[in-house]
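Okay, so here's the structure we're looking at.
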Amino acid sequence: LGIASSHTLCVTYGSTAKMLMRPLRHALAYCVFLSFNQAVLLGEEVLFAPPLQTHGRYIVDANGTRVRLGCVNWYGAHLEQMVLNGLNKQSLAAIVELIATQGFNCVRLPYSLDLVFGGQKRAPNPAISLAANKYLQDTSPLEIFHLAAEALTRRGIMVILNDHVSTRMWCCDLTDGEGLWYTSKYNETRWLESLAIMARHYSNNSMVVGFDLRNEIRPSNLGTPDWGSGNPATDWSIAAEKAAKIVMENNKNMLIIVSGLHFSTFLCDLSR
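The letter at position 234 of the sequence shown is residue 235 when you use this note's numbering, and the numbering goes up by one with no holes.
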């Protein structure tokens, strides 16, 4: 996992949690952030002043105050069901409240390109996946995703968007065809288009603070990703730079999160 402004913070998943600060090639100076004076309030407590940005190894708010992200992953919208897990058991409002009362200040929301481009008017099995939220059963999966993000941010919880997969499915392995940022179903252009759509949608919500460009980059039947080879078909640094620019063009207030290679565990290709 990595968070970047003019530099990228690359963090491996799991117990290793190693960190490296390195320039993302040469052009993530595009990841600039505007300052706003309005602070985010929860009750009478001032949480932070968006937007967030990086300062060295730290994440800070618009006033330069360090902000620690305590995030939970709320998955499900990237799966075949196309809606967030748990909505069959509890109301959307109850889950949001539980996240807040458990002390999390941030939620990572994974989605698929099928969610963005599929055009479904209802979830595949709404009577099952939305059993505890019947009022949402005639709502499109993409709109339900947006409603969840809105509910979280209204409660004072930051949201990080995550392009998890292209085709809606469980992730991840070496044979699912989803290891690169593009697939046989969705080419790079469509991937970049999806980032633009999602970034633009949240451009007026300062609590949607970041964009995780692609989940767990890894070998695919289309190629083995690398960092710095110069081959546009496999060089994740080139693709990540393109994606960062697209996001910034549509929402200049987002942190850019860049996954490491090989399921986000391999950082050795980063120049020292």
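The C-beta atom is built at its ideal place from N, Cα and C for all residues, glycine as well.
What residues match up with C107 in a beta bridge as DSSP calls it?
Start at 1 with the first residue of the sequence shown, and residue 107 comes out as number 106. Its beta-bridge partners are C72, M159.
Tell me whether S204 sits in a helix, a strand or coil according to DSSP, three-state version.
Counting from one through the sequence shown, the residue named residue 204 turns up at place 203. In this structure, DSSP gives S204 a state outside helix and strand, which the three-state scheme calls coil.
What do you reckon, are the CB atoms on N89 and A132 nearer than 8 Å?
If you number the sequence shown from 1, residue 89 lands on position 88. If you number the sequence shown from 1, residue 132 lands on position 131. Closer than 8 Å, so yes.
Report, in whole angstroms, the separation of the C-beta atoms of I1 and V84, which I expect to be a contact under 8 Å.
Given a span of 2 to 273 for the chain in the structure shown, any question on residue 1 remains unanswerable.
Using the beta-carbon count (16 or more within 10 Å), is L99 buried or exposed?
The residue labelled residue 99 in the question sits at position 98 within the sequence shown. Burial is judged here by how many other beta carbons sit within 10 angstroms of a residue's own beta carbon; L99 has fewer than 16 and is exposed.
Using only the alpha-carbon positions, how far apart do Q82 and E250 sit?
Locating residue 82 in the sequence shown gives position 81, counting from the first residue. Locating residue 250 in the sequence shown gives position 249, counting from the first residue. Their backbone Cα atoms lie some 31 Å apart in a straight line.
When you compare only the Cα positions, how much space is there between G119 and N232?
Within the sequence shown, residue 119 is the residue found at index 118, counting from 1. Within the sequence shown, residue 232 is the residue found at index 231, counting from 1. One C-alpha to the other measures close to 30 Å.
Inter-residue Cα distance where the pair is I158 and G178:
Here residue 158 refers to the residue found at position 157 of the sequence shown. Here residue 178 refers to the residue found at position 177 of the sequence shown. A straight-line Cα-Cα distance of about 33 Å links I158 and G178.
Would you list the residues sitting across from F212 in a DSSP beta bridge?
Here residue 212 is taken as the residue at index 211 of the sequence shown, counted from 1. DSSP lists L162, I257 as partners of F212.
Residues of its chain near L70, where Cβ-Cβ distance is below 6 Å and the 5 sequence neighbours each way are ignored
In the sequence shown, residue 70 corresponds to position 69, counting from 1. Within the same chain, and ignoring the five residues on either side of L70 in sequence, the residues whose Cβ sits closer than 6 Å to its Cβ are C107.
Per-residue DSSP class, three states only, for R48:
As a position in the sequence shown, residue 48 is number 47, starting the count at 1. Per the sequence presented here, residue 48 reads as Leu, with Arg not at that position. In the structure shown, L48 sits in a strand (DSSP, three-state: E or B).
Spatial neighbours of N222 in its chain, beta-carbon cut-off 6 Å, leaving aside the 5 residues before and after:
Within the sequence shown, residue 222 is the residue found at index 221, counting from 1. G178.
What is the rounded straight-line gap between the Cα of M152 and the Cα of A78?
In the sequence shown, residue 152 corresponds to position 151, counting from 1. In the sequence shown, residue 78 corresponds to position 77, counting from 1. Reading the sequence as shown, one finds Ala at residue 152 and not Met. C-alpha separation (whole angstroms): 15 Å.
Burial state of G57, where buried means 16 or more other Cβ atoms lie within 10 Å:
Within the sequence shown, residue 57 is the residue found at index 56, counting from 1. It counts as exposed.
N251 Cβ short of 7 Å to the ligand NAD heavy atom set:
The model depicted lacks the ligand NAD and carries no ligand whatsoever.
Is the beta carbon of N216 sitting closer than 8 Å to the one on H147?
Along the sequence shown, one-based indexing puts residue 216 at 215. Along the sequence shown, one-based indexing puts residue 147 at 146. Contact check for N216 against H147 fails: the beta carbons are separated by 8 Å or more.
Alpha carbon to alpha carbon, how far is L175 from D236? Give it in angstroms, no decimals.
For the purposes of this step, residue 236 is taken as residue 235 along the sequence shown, with counting starting at 1. For the purposes of this step, residue 175 is taken as residue 174 along the sequence shown, with counting starting at 1. Whole-angstrom Cα-Cα distance: 18 Å.
List the residues that DSSP assigns as beta-bridge partners of Y183.
If you number the sequence shown from 1, residue 183 lands on position 182. Residue pairing of Y183 in beta bridges, as defined by DSSP: absent, with no partner found.
Extent of the continuous beta strand (DSSP E) run through I239
Locating residue 239 in the sequence shown gives position 238, where the first residue counts as 1. Element bounds for I239: not the beta strand (DSSP E) but the alpha helix (DSSP H), 237 to 251.
For F267, write down the residues that DSSP places opposite it in a beta bridge.
Along the sequence shown, one-based indexing puts residue 267 at 266. Beta-bridge pairing links F267 to L262.
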